[in-house]
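For the protein sequence lines, the chains are D and X, in the order given.
The first sequence begins at 1 in my numbering and counts up one residue at a time.
The second sequence begins at 1001 in my numbering and counts up one residue at a time.
Contents: one structure, followed by commentary.
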Amino acid sequence: EPEVTQTPSHQVTQMGQEVILRCVPISNHLYFYWYRQILGQKVEFLVSFYNNEISEKSEIFDDQFSVERPDGSNFTLKIRSTKLEDSAMYFCASTEEVNNYGYTFGSGTRLTVV
Amino acid sequence: RKEVEQDPGPFNVPEGATVAFNCTYSNSASQSFFWYRQDCRKEPKLLMSVYSSGNEDGRFTAQLNRASQYISLLIRDSKLSDSATYLCVVNRRNDKIIFGKGTRLHILP
């Protein structure tokens, strides 16, 4: 079964440092997403990406965040200057069609900011 | 009002029993509905889509009531492996999916 692959599985970084979380979506999918889940809380939408541009972003996705799909394969989330409150599980997801199919999620990157 | 609301549980249910969860959504423009399952510290995994006419997948039955804006999930003959958090998910047309906070289910041996 096709998978969404995320690396690394766990990243520890110092406050103020930049991190890049990587994702390889399913190859024939067209819509890409980043979600995050703070421990014990719900899965929250960060950003959607289609046709090489951001479709929508949430209030969480401020100027410290950016996304890129540089090579048609990888889909990255960059946090420029991490804060303690950025510590969470970050999930990448993709889907081939927005309305009729659920999303396939990657196994996540656990980001710990110290 | 939260966009998607679920009873957080936990539901503690003996193995073999039937259990049902409900979920309500606030946006009447919501178009697609799903149940996801999430195991501890794992990613959400699609359990089933929810169709207007109701649908069944083995021991799992999902129903949608658009008039009352709620979705239900019924699990029959529950197994120990059904222990997880069940996430109600909705989206509006051409829009991102929105998660409820989830309902925790513990199946007791």
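Idealized CB from N, CA, C, for every residue including glycine.
Cβ pair Y1025(X), V1004(X) closer than 7 Å: yes
Given I1097(X) as reference, the closest of Y31(D), V24(D) and D62(D) once Cα atoms are compared: Y31(D)
CB contact below 7 Å: F75(D) versus chain X: no
Three CB pairs or more closer than 8 Å across the region 1032-1050 of chain X and the region 1085-1095 of chain X: yes
Proximity test, Cβ basis, 7 Å: E1056(X) and chain D: no
Neighbourhood of V113(D) by C-beta, 7 Å cutoff - its chain only, sequence neighbours within 5 removed: T13, M15, T82, K83, L84, D86 and S87
Delimiting residues of the beta strand (DSSP E) encompassing E68(D): F65 to E68
Of the residues S58(D), L39(D), G108(D) and G40(D), the one placed nearest S48(D), counting alpha carbons only: S58(D)
Segments of 3+ residues assigned as beta strand (DSSP E) that fall wholly inside the region 3-46 of chain D: 5-7, 10-13, 19-24 and 31-37
R1104(X) vs R1076(X) beta-carbon contact at 7 Å: no
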